[in-house]
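For reference, the structure discussed in these notes is given below.
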Amino acid sequence: MSPAVDFTLPAVLEAHEPPEARGLGRDGVRMLVSRKDTGEIAHRTFRELPAILAPGDLLLVNNSATVAAAVRLDRLAVHFSGELPGGELLVELRSRTERGTAPYAGGSPGEWLPLPGQATLRLLCRETPRLWRAELDRDVPDYLRKHGVPIRYSYVERDWPLDHYQTVFGVTPGSAEMPSAGRPFTAELVTALVARGVVVAPITLHTGVASPEKDEPPYPERFRVPESTARLVNLTREGGGRVVAVGTTVVRALESAARTGVVEAAEGWTSHIVTPSEGVRAVDGLITGLHEPRSSHLMMLSAIAGRELLSRSYQAALDGGYLWHEFGDTHLIL
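So this is what it looks like as structure tokens:
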């Protein structure tokens, strides 16, 4: 990761609870607005978004819904990250602590782990230093509905119900962690955007588990770009409108469907990583959260904003006391 977007995140800037618990509406969080054409950085609130976007802009959202992907044992927690192309599961084992969970280095290939509800998880082999390929002896979605809880890291100080981890767009269950860029949207705000002449269209990308303690490159994630969305993207760009992605998940899915420069309908698993050297083909803007230091997501942001503007934006967020993580503030890059 380039030192231009390296920084130290003070613990005081971590969002420890949803904005509703801080007396705000979902759309009441702050929004940093960075404009690449002018270099301007402005401080707004999220509910001002309809006044910032223009008629004819296309807002692309992730319609993946969050599942209760953590299963807790006495001393361990199993985070179910999703299914791999071959049908195996991808899971992370974590030690339970007083405040949440911490990385767990144990486990061995072939080991069987007894889970609540008399289920058994079999570890097959390590996929990464952190993640395992595994098999569960029953239907995973049904099992998680009965025995899972939302994934929570130690910076969130207590459990919150699953609906706090859903977005207004989530209709297709599959994300291990919330596609959090969509969280500040409300039905009323979406209505105001449509009335403004902004078009809203979906993609699907089911997010896997993050690596909050140590950054890792993204691994394959399941996605779908419908034919209708692909057509809208191409028509918007031909007509001079802007394509604004709501979340890095949307950028990853859309750029995976635009390898020829034109967006086409696509689905499957994507391993595509957006980097400054390759750039973006189909995205003119991005609504996202504030990402951890040295996160691979910052490479994507740098590809859209440029390193200099991104560096100044993050310094402005630090100086302005913006809040990080899934319950924090937002960043709009145009």
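Residues in the sequence shown are numbered from 30 upward in steps of one, following this note's numbering.
Idealized CB from N, CA, C, for every residue including glycine.
| Asked | Found |
| --- | --- |
| Three-state class that DSSP yields for residue 301 in the structure shown | coil |
| Beta strand (DSSP E) segments (min. 3 residues) lying fully within the stretch 279–358 | 295–299, 314–317 |
| Proximity of residue 204 and residue 236 at Cβ, strictly below 8 Å | yes |
| Residues bridged to residue 123 [DSSP beta-bridge criterion] | 106, 132 |
| Start and end residues, alpha helix (DSSP H) containing residue 223 | 216–225 |
| Rounded C-alpha distance that separates residue 107 from residue 168 | 16 Å |
| Delimiting residues of the beta strand (DSSP E) encompassing residue 87 | 87–91 |
| Beta-carbon contacts of residue 123 that lie in its chain and below 6 Å, excluding the five residues immediately before and after | 106, 130, 133 |
| Identity of the residues DSSP links to residue 44 by a beta bridge | DSSP output for residue 44 lists no bridge partner at all. |
| Cβ-Cβ distance between residue 218 and residue 78 below 8 Å | yes |
| Start and end residues, alpha helix (DSSP H) containing residue 176 | 169–176 |
| The ligand PLP heavy atom lying under 7 Å from the CB of residue 331 | Questions concerning the ligand PLP fall outside what the structure shown contains, since it holds no ligand whatsoever. |
| Cβ-based neighbour list, residue 295, same chain, cut-off 7 Å, excluding 5 preceding and 5 following | 254, 285, 286 |
| Bridge-paired residues (DSSP) for residue 141 | 151 |
| One or two residues paired with residue 235 in a DSSP bridge | For residue 235, which the question treats as bridged, DSSP gives no partner whatsoever. |
| Reduced DSSP category for residue 32 - H, G, I as helix; E, B as strand; rest coil | Low confidence applies here, because residue 32 scores a pLDDT of 43, under 50, leaving its location unreliable and the question unanswered by this model. |
| Backbone CA spacing between residue 291 and residue 250 [nearest angstrom] | 21 Å |
| Contact the stretch 86–94 vs the stretch 204–215: 3+ CB pairs below 8 Å | yes |
| Buried versus exposed, by CB contacts within 10 Å (16 or more), residue 281 | buried |
| Residue 70 - DSSP class collapsed to helix/strand/coil | strand |
| Contacts around residue 161, its chain only, beta-carbon distance under 8 Å, and the 5 residues preceding and following it disregarded | 119, 120, 121, 122, 136, 152, 153, 154, 155 |
| Nearest-angstrom beta carbon gap, residue 226 and residue 84 [assumed within contact, 8 Å] | 3 Å |
| C-alpha gap between residue 158 and residue 270, whole angstroms | 43 Å |
| Bounding residues of the beta strand (DSSP E) (the contiguous stretch that carries residue 59) | 59–63 |
| Buried or exposed (CB count within 10 angstroms, at least 16 for buried), residue 200 | exposed |
| Selection from 128, 76, 198, 194 that minimises the alpha carbon distance to residue 104 | 128 |
| C-alpha distance - residue 115 paired with residue 150, whole-angstrom precision | 17 Å |
| Nearest residue (CA-CA) to residue 327, options 278, 311, 267, 310 | 278 |
| Residue 98, DSSP secondary structure in three states | coil |
| Test: residue 154 CB closer than 8 Å to a CB of chain D | Going by chain labels, chain D is absent from the structure shown, which holds only one protein chain. |
| Contact the stretch 61–70 vs the stretch 325–340: 3+ CB pairs below 8 Å | yes |
| Delimiting residues of the alpha helix (DSSP H) encompassing residue 186 | Looking at the DSSP string, residue 186 is not in any alpha helix (DSSP H), and its letter there is neither H nor E. |
| Beta-carbon proximity of residue 75 to residue 100, cut-off 8 Å | no |
| Status (buried if at least 16 other CB within 10 Å, exposed otherwise) for residue 358 | buried |
| Residue 111 - partner residues in DSSP beta bridges | 119 |
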